[in-house]
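Numbering (the numbering used here), first residue to last: 284 to 358.
Every residue gets a Cβ at the ideal spot worked out from N, C-alpha and C, and that includes glycine.
Quick notes on the structure that follows.
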Ligand SMILES: [Zn+2]
């Protein structure tokens with residue numbers, strides 16, 4: 284897999300996804316992603332994107348000012 288920005292190699296890793304919903308902030312830790320070894324580019328696979336959307340939906344219902352969720356614990 285190659286970076287679409289700089290063409291360098293991308294490696295599997297994890298990142299922290301932060302979504303600002305305006306009245307609440309959803310922080311999801313340990314999200315699996317691919318990271319570029321040269322620049323700061325990263326991307327999520329389709330199933331991860333879907334799962335993040337679900338987590339954010341749940342967080343919206345809870346509506347805490349800041350929600351910190353561990354991806355690996357809800358996956
Ligand atoms: Zn890159």
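Asked                                                                                                                                                       : Found
Any idea what DSSP makes of residue 353, helix, strand or coil?                                                                                             : strand
Output the boundary residues of the alpha helix (DSSP H) element that contains residue 329.                                                                 : 329 to 345
Identify whether residue 304 lies in helix, strand or coil by the three-state DSSP scheme.                                                                  : coil
Who are the near neighbours of residue 292 in its chain, counting only those whose CB is closer than 7 Å to its CB and skipping five residues on each side? : 285 and 320
Within 10 angstroms of the Cβ of residue 352, are there 16 or more other Cβ atoms? Answer buried if so, exposed if not.                                     : buried
Please name the residue, chosen from 347, 323, 301 and 304, that lies closest to residue 294 on a Cα-to-Cα basis.                                           : 323
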